Amino acid sequence: MLAGRHLKRAGRSSPGGLLRFGAMTIRRRLRDLIDRRQATWSATYSADKTPLISILDPLEAGQISAAFCLPDDVIENWRSHRFDILGSGWVAALSDGQISSGPNQVVSEQIAALLPTVYKPVDWHRDLTSGHCWRPDQWHRDVPIPVGQGVDIKSPWELARCHHLPAMALAAAAGGDADLASEIRAQILDFIAANPPKFGVNWRCTMDVAIRAANWVVADSILRSASLPDCSDDMTDILSASLLDHGRFIIGNLEWYPDRTGNHYLANISGLAFIAAALVPKVNTEAAGWLKLATRELEREVDVQFLRDGGHFEGSVAYHRLCLEMAVWGTGACRGAGSQFKAAHYERLAAATEFLRATIKPSGDFVQVGDNDSGRFLNLCPDFDDELQERQLTPQATLDAAAALLSSAKTVVGVDGLVMSTLAKPVVVAPGEIASGHGSSGEVLSGGNELVLPYGEGLDEGIQALAFPDFGLFVLRSKRLWLSIRCGGETDPIGAHRHNDQLSVELTVDGRDIIRDPGTYIYTPDPAARNAYRAISAHFTPQAADGREPASLDAGLFFLDPLMGGTCVFFDETGFRGWHAGFGAKVWREIQIKPDRIIIRDRAEGGQQLSPLTLPEQPLPFSPGYGRRDNSG
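The opening position of the sequence shown corresponds to residue 1 in our numbering, with each subsequent residue numbered one higher.
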């Protein structure tokens, strides 16, 4: 699936793109062939011993307690191996503990023997929604990714990222809970025993390998820095050896492509930074090389992937949040280990932070433009409601981490800010200016369809205009109004995480959502639902009367053909005017903000017919996170 996506991208990007991709693929397949044959006859676990340290300065229980707030029921669920993964609900993930046969069996059994006798192993290989299990003894390249079968490979991947372990470690540190600390270490041992390197679903995707390693390093560092009972020598040796395995796997399977890198590669190098920092690069030459690589590539990728206006090139706000999180934490890990970055690197991170801040609606949620798979790098203190449903659209934790790294403020905010402050010293970066306008006014649209939305006087009081033309997002906000327009942004040649949403609008008035994007819901388990949520009909945008899509959804679940862009002609505090040509001739949308009303006009050129312009009902059940749908309007 991933290779096919990049094959299409390589063919489009340049005349030599396909050739370079082919050469790289041949090299990787030859290496995989050698690697697979070696793994058939010998264990893939590393036997190397190397020092392992905390990458954090000491944390006091009082500091953590003041910043950390997680329901006790959530901690107890995790302790008893119950997880809510991508909409599964709280489900027990229990395994029979059987170790796979083969050359890794002896080492796996030796590691499993260190688990407490009362410990019940986690089933790391199961989709907690469908119940489907992947074979733990299958070579990672051979692990299938089911499509259209109601099975989601993202479920075991998400659980195996181990996001819950740093949160558990913070809870243990705040309460001095040695038993909880032992449970965390047991879960890490359990995973290592049940998932030999290079085998099974949890070694299928390098991105997930890297994120898991970062979460292990942070969880272990929190426990060590909080002066909880020391980790045993056996545990330290096994964890450090596994981190070596993770680092070597990442280096050997980097998700780098000659045409363009993306969020996967950013995860690879950010995770590698955490591994390198923990394995003492001053004495471990291999870790030193990884740190140097991670530093160099982070600097390059932040410059390449984040646009001049701060937005991420993949055209999704949720993926922007994920990529900013990876870049900020990866930078912190490198900086804490002694690396230096150019000033331009921090300035681009600051611009990306301000972009994310601008996408926040009055509810505190970010606007869902493009795909949302609820991906995180570190999720130190998940935000749960009273029903223990995680609020996955609130980006405050990411902003807190960025502020702690990029600010001179003496007081850090939130647990993410606290942990970042113990990881790396801050860098003072002056926030850049956000454009308040774009283009020139020109003539007002005449003819076409018109929708007038009256909301009473004072609608434009204190109004601000925030323009992000490179990403393709324009925001108007006042004391009563929050409105966004999606227009432009054609920097990803295949549109893997984009929707047919050009000229679409989100509108909130007096704190109430009037028009909102329904989200993403799902990827491979249900292709029909995947396409429904990225179709034009799911968005409040000019619709062709004959129901056509401006870009075909038939080329693949992560591909728009052709990728449709838009052009903003004018934007300021008074409104917006722009067009796209996805139906052939130009389709225009104009928005005017008056003191007491909003006027939206659509017009099509070339004799095209548009559907009537009316305030929509929610076209699809709203998805507040990947795998979840509700009907709350």
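Glycine included, each C-beta is placed from N, C-alpha and C at the ideal position. Quick caveat, the model's predicted, so the values are computed rather than measured.
According to DSSP, residues forming a beta bridge with residue i
i	result
Asn449	Asp602
Thr394	None, per the DSSP bridge assignment.
Gln63	BP columns for Gln63 are empty, so no partner.
Arg589	Gly578, Asp602
Arg597	Pro454
Arg126	Cys133
Asp572	Gly575
Gly439	Phe570
Leu610	Ala544
Ile360	Phe366
Phe306	His312
Phe622	Asp630
Phe199	Trp139
Under the three-state DSSP convention, the category residue i falls into
i	result
Leu52	coil
Arg135	coil
Gly627	coil
Glu109	helix
Ser155	helix
Glu299	helix
Leu563	coil
Phe355	helix
Phe366	strand
Leu293	helix
Leu115	coil
Cys162	coil
Ser339	coil
Val147	coil
Phe635	The requested residue 635 does not occur in the structure, where the chain is confined to residues 1 to 633.
Gly552	Strictly speaking, residue 552 in this sequence is Ser, with Gly absent from that position. If DSSP states are grouped into helix, strand and coil, Ser552 belongs with the strands.
Phe377	coil
Phe583	coil
Phe313	coil
Phe191	helix
Pro616	coil
Val69	The question names Val, yet the displayed sequence has Cys at residue 69. Looking at Cys69 - three-state DSSP - the assignment turns out to be coil, as it is neither helix nor strand.
Thr44	coil
Burial state of residue i (16 or more Cβ within 10 Å)
i	result
Lys425	exposed
Gly627	buried
Ser623	buried
Trp588	buried
Thr625	The sequence shown places Gly at residue 625, not Thr. Label assigned to Gly625: buried.
Val151	buried
Pro595	exposed
Gly575	buried
Glu60	exposed
Leu615	exposed
Ser42	exposed
Gln98	exposed
Cys69	exposed
Glu461	exposed
Ala10	With a pLDDT of 48 at Ala10, under the threshold of 50, the predicted position of this residue should be treated as unreliable, and no value is reported.
Ser407	buried
Gly108	Note that residue 108 is Ser in the sequence shown here, rather than Gly. Buried, since its Cβ has 16 or more Cβ neighbours within 10 Å.
Arg635	In this structure the chain extends from 1 to 633, so residue 635 is not present and cannot be described.
Ile153	buried
Arg530	buried
Ser240	buried
Chain C within 7 angstroms of residue i, Cβ atoms only
i	result
Val505	Judged by its chain identifiers, the structure shown contains no chain C, having just a single protein chain.
Which ranges would you report for the alpha helix (DSSP H) in the region 205-291 if only whole runs of at least 4 residues count?
206-225, 233-252, 263-278
Every unbroken alpha helix (DSSP H) within the region 473-550, with a cutoff of 4 residues, ordered by chain:
527-534
Length-filtered (3 minimum) beta strand (DSSP E) runs lying within the region 80-106:
82-84, 90-92
If you pair each beta-carbon of the region 501-509 with each one of the region 326-335, do three or more pairs fall below 8 angstroms?
no
Would you list, in sequence order, the uninterrupted alpha helix (DSSP H) runs of no fewer than 4 residues that lie entirely inside the region 380-437?
396-405, 414-423
Do the region 544-559 and the region 409-428 touch if we need at least three Cβ pairs shorter than 8 angstroms?
no
When the Cβ atoms of the region 301-317 are set against those of the region 240-251, are three or more pairs found closer than 8 angstroms?
no
Are the region 219-226 and the region 166-177 touching by the rule of at least three beta carbon pairs closer than 8 angstroms?
yes
Given 8 angstroms as the limit, is there contact between the region 381-394 and the region 73-84, that is, 3 or more CB pairs closer than that?
yes
Determine contact between the region 608-615 and the region 533-549, defined as no fewer than three beta-carbon pairs at a distance below 8 angstroms.
yes
Does the contact criterion of 3 or more C-beta pairs under 8 angstroms hold for the region 332-341 versus the region 360-380?
no
Just checking, does the region 279-294 make contact with the region 173-183 on the three C-beta pairs under 8 angstroms criterion?
no
Using 8 angstroms as the cut-off, can you tell me whether the region 128-148 makes contact with the region 229-239, which would need three or more C-beta pairs spanning the two stretches below that distance?
no
Measuring CB atoms only, is the region 428-437 touching the region 483-501, in the sense that at least three cross pairs come out at less than 8 angstroms?
no
Taking 8 angstroms as the threshold, find out whether the region 141-158 comes into contact with the region 511-524 through three or more Cβ pairs.
yes
Would you say the region 41-57 touches the region 272-279, given that touching needs at least three Cβ pairs under 8 angstroms?
yes
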